[in-house]
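Enquirer: Residue numbers are given in the numbering used here: position 110 of the sequence shown equals residue 1250, and the series is strictly consecutive.
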Amino acid sequence: LQRFTEALGHSDVDWVLWRESATPLPVIGNQSMCAWVEALATEVGRPIVMGNLAHEPEAWYNGIFVVLPYQGLMQPYYVKRKLVPFGEYVPFRSWFPGLDKVVPIGDDFLPGGEAELLKVPLGEQVLICGGLVCYEDIFPQLAREVSRKGAQCLVVVTNDAWYGEEAGAYQHAAHSVLRAVETRRPVIRSGNGGWSGWIDGMGSIREVLIKSGKGVYFRGAESLVFHYPMDADLKQSFYVQWGDWFVLLSGVFSLFLLCIRQLGT
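1. First and last residue of the alpha helix (DSSP H) that includes residue 1292?
2. Can you grab the Cα-Cα spacing for the pair residue 1368 / residue 1325, in whole Å?
3. Let me make sure I understand the geometry here. Which of 1153, 1300, 1159 and 1196 has the alpha-carbon closest to that of residue 1169?
4. Using 8 Å as the Cβ pair cut-off and three pairs as the minimum, do the stretch 1268-1283 and the stretch 1141-1158 touch?
5. Where do the N-terminal and C-terminal ends of the beta strand (DSSP E) with residue 1195 fall, by residue?
6. Tell me, which residues are paired with residue 1351 by DSSP?
7. What first and last residue would you give for the beta strand (DSSP E) that runs through residue 1205?
8. Please name the residue in 1366, 1209 and 1299 whose C-alpha comes closest to that of residue 1175.
9. Measuring alpha carbon to alpha carbon, tell me which of 1148, 1201 and 1200 ends up nearest residue 1181.
10. Could you give the first and the last residue of the continuous alpha helix (DSSP H) run that contains residue 1404?
11. Find the nearest neighbour of residue 1166 within the set 1153, 1202 and 1365, judged by alpha-carbon distance.
12. Residue 1432 by DSSP, collapsed to three states: which one?
13. Tell me which residue opens and which closes the beta strand (DSSP E) that residue 1329 is part of.
14. Helix, strand or coil for residue 1411, going by three-state DSSP, please let me know.
15. Name the two residues that bound the continuous beta strand (DSSP E) containing residue 1265.
16. Could you check whether the Cβ of residue 1377 sits closer than 8 Å to any Cβ belonging to chain B?
17. Which residues in the same chain as residue 1305 place their Cβ atom closer than 6 Å to its Cβ, once the five residues preceding and following it in sequence are excluded?
18. If you count every other CB in all the chains shown that lies within 10 Å of the CB of residue 1187, and 16 or more means buried, which is it?
19. Rounding to the nearest angstrom, what Cα-Cα distance links residue 1293 and residue 1365 in this structure?
20. Which partner residues does residue 1165 have in the DSSP bridge list?
21. Is residue 1309 near residue 1331, with beta carbons less than 8 Å apart?
22. With H, G and I counted as helix, E and B as strand and the rest as coil, what does DSSP make of residue 1375?
23. Residue range of the alpha helix (DSSP H) that residue 1337 falls in?
24. With DSSP collapsed to three states, give me the class of residue 1324.
25. Taking the alpha carbon of residue 1254 as the point to measure from, which residue in 1289, 1240 and 1229 has its own alpha carbon closest?
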């Protein structure tokens, strides 16, 4: 990871994006791990945005963090809000103590509350990002919330290595296309063992990081050119403004027509 990041630092990239759970130890709760990432950001002279873990005194969290050169780890950070059942927490653990033996995952992670936006300085500008971790890009309401708060783009960090080199990684990435269309925000994605690239606000896949003979399943680092809207160009889509009301009203209207049809027969 250090070698790949240093290689990017010698290019003309503006910032570096790492995948979910990028380091073997939590960046909060392990001082040496945090110091290593901060030193690397300073060495390459670029902001590092990364998926990582936080071991706070009261709990574990999965999130996205921004590390700036010479400034270090920034606060606040984004905390994952939709946890994976039996992967990050055990449902009904207090009711069924025996589940610990069946699913020995250790302590539960805690979900985040209000979504924190990520601020990435890029020269004289600051890129405002809405974070999504792991499978959070399958939940439309999460992308809608950060877009309403002012995110210029959506950043997805994930670990799709669980799927192997099958279709799962591509199917997961397809949800990011839907989130881009719904919010009219570009999506930039970093996936371990899966799909990395970016999608524009119209849902067009603009660039996918691949290597010859390996496709999206490769070890290394690549760069891409990513376009995002400026503050003056930010507009809220119909879905961001109104959410699922259209779907609910359509359902009610369909039931109304069905009732009329039944009464007519």
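Beta carbons: idealized from backbone N, C-alpha and C, even for Gly. Since the structure is predicted, the reported quantities are computational estimates derived from the model, not experimental observations.
Expert: According to the structure shown:
1. Residue 1292 -> no alpha helix (DSSP H), and no H or E assigned at all.
2. 8 Å
3. 1196
4. no
5. 1188-1195
6. 1355
7. 1200-1208
8. 1209
9. 1148
10. 1385-1404
11. 1202
12. Lying before the first or after the last residue shown, residue 1432 is absent from the chain, which here runs from 1141 to 1405.
13. 1327-1332
14. Residue 1411 is absent from the structure shown; the chain starts at 1141 and stops at 1405.
15. 1265-1273
16. The structure shown contains no chain B; it holds only a single protein chain.
17. 1357
18. buried
19. 14 Å
20. Paired residues: none, contrary to the question.
21. yes
22. coil
23. First-last for residue 1337: 1337-1339, but that is the beta strand (DSSP E), not the alpha helix (DSSP H).
24. coil
25. 1289
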